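**Student:** Following our numbering, the residues of the sequence shown are numbered contiguously, the last one being 246.
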Amino acid sequence: MNRPATGLSDLPVQAAKSRLLLTLVVDTSSSMEGERITELNAALQDWRQQLVEDDVVRRFGEIAMITFGQGHVKLVDLSGDPDQAYVPVSQFDPPPLTAGGVTPMIDGLQYAFDVLAARRQQLRRDGFSLLNRSLVYLITDGIPTDENGHPTSAWRDFAPVIRRQEEGRHLLFFAFGVDGADEFVLRGLAPRAWRLLADARLAEVLSLVSTSIEAAAASSVHDMPADQAYDIVNEQMDRYARMREFLEGKA
């Protein structure tokens, strides 16, 4: 399946000396049609306000969003410039997403990793450092399929790619599934950082994403082993989930 070119040669660089790269990889296949894609679009607009409330994320964060669905992988234009994958968090303003078609999840993840690698290389060329490990988030309500819509086990081949990136201290990878997602796939892709939130609304999922970003940004996880970094972030996400349950009277 064809993926768009990364097109990152002329990306702008913010004034600060360091960066925190955030990458969303979002399911927009047919299972997301109707109320669910409407809910996602509303949740993304609310979420952008959460992001800028964190001073570190607002100052140093850059974000890109890739979707997979409708038979292809797409780099979402967040800036008005289709060749600019990452934008400063303060400028994050996602357009409405549409849903349909099959679920090329692994193509979406591979493309996200390509875009991320290109941005890291450009920052290094320009003399900028990374504030922390890059953070990649998969959000899905389904299972990966091939171009004909048949379930595929290609995720098994991609999981070692993620592990190598983790071991090289390049990134942390999180897999969030809502109703319809396959726990086995989520666990295989992100054994230390998967969550199946069957009854959760997408706004709650994005709030967990925010919590993990804040935890990673506030901690010196860059030089830690991946397992230790995940422990810190998971502890913060668990604390957030318990607090939310308490406030909603579920505890």
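Idealized CB from N, CA, C, for every residue including glycine. Predicted, not measured: the structure shown is a model, and the values here were computed from it.
Between Leu111 and Thr18, which are expected to be in contact by the criterion C-beta below 8 Å, what is the C-beta distance as a whole number of angstroms?
**Tutor:** Right, their Cβ atoms sit about 6 Å apart.
**Student:** Is Val228 closer than 7 Å to Ala210 when the C-beta atoms are compared?
**Tutor:** Taking 7 Å as the Cβ cut-off, Ala210 and Val228 qualify as a contacting pair.
**Student:** Under a three-way DSSP split, which group does Ile134 fall into?
**Tutor:** Three-state result, Ile134: strand.
**Student:** Looking only at its chain, what residues have a beta carbon closer than 7 Å to the beta carbon of Val47, apart from the 5 residues adjacent to it on each side?
**Tutor:** Around Val47: Arg53, Val84 and Ser85.
**Student:** Using beta-carbon positions only, say whether Ala176 and Thr206 come within less than 7 Å of one another.
**Tutor:** No, they are not a contact pair.
**Student:** Buried or exposed: where does Asp242 fall if 16 or more other Cβ atoms within 10 Å of its Cβ makes it buried?
**Tutor:** Residue 242 is actually Leu in this sequence, not Asp. Answer is exposed; the Cβ neighbour count stays below 16.
**Student:** Using the Cα positions of Asp174 and Asp76, report the straight-line distance between them to the nearest angstrom.
**Tutor:** Each residue's Cα considered, the two are about 34 Å apart.
**Student:** Near Gln160, which residues of its chain fall below 6 Å by C-beta distance, leaving aside the five closest residues on each side in sequence?
**Tutor:** Leu166, listed in sequence order.
**Student:** Could you check the C-alpha separation between Glu199 and Asp152 for me, to the nearest Å?
**Tutor:** Roughly 30 Å separates the two Cα atoms.
**Student:** If we call anything under 7 Å between Cβ atoms a contact, is Val325 one with Asp102?
**Tutor:** The question about residue 325 has no answer here: the residues shown for the chain are numbered -4 through 246.
**Student:** Please give me, in chain order, every unbroken run of the alpha helix (DSSP H) with length at least 4 that falls completely inside the segment 184 to 226.
**Tutor:** You should have 197 to 213.
**Student:** By the 10 Å Cβ neighbour count, where 16 or more other Cβ atoms means buried, how is Arg120 classified, buried or exposed?
**Tutor:** By the neighbour-count rule (16 or more Cβ atoms within 10 Å), Arg120 is not buried but exposed.
**Student:** How big is the Cα-Cα spacing for Leu16 and Leu104?
**Tutor:** If you take the alpha carbons of Leu16 and Leu104, they lie about 15 Å apart.
**Student:** Could you compute how far the alpha carbon of Ala224 sits from the alpha carbon of Arg187?
**Tutor:** For Ala224 and Arg187, the distance between alpha carbons rounds to 10 Å.
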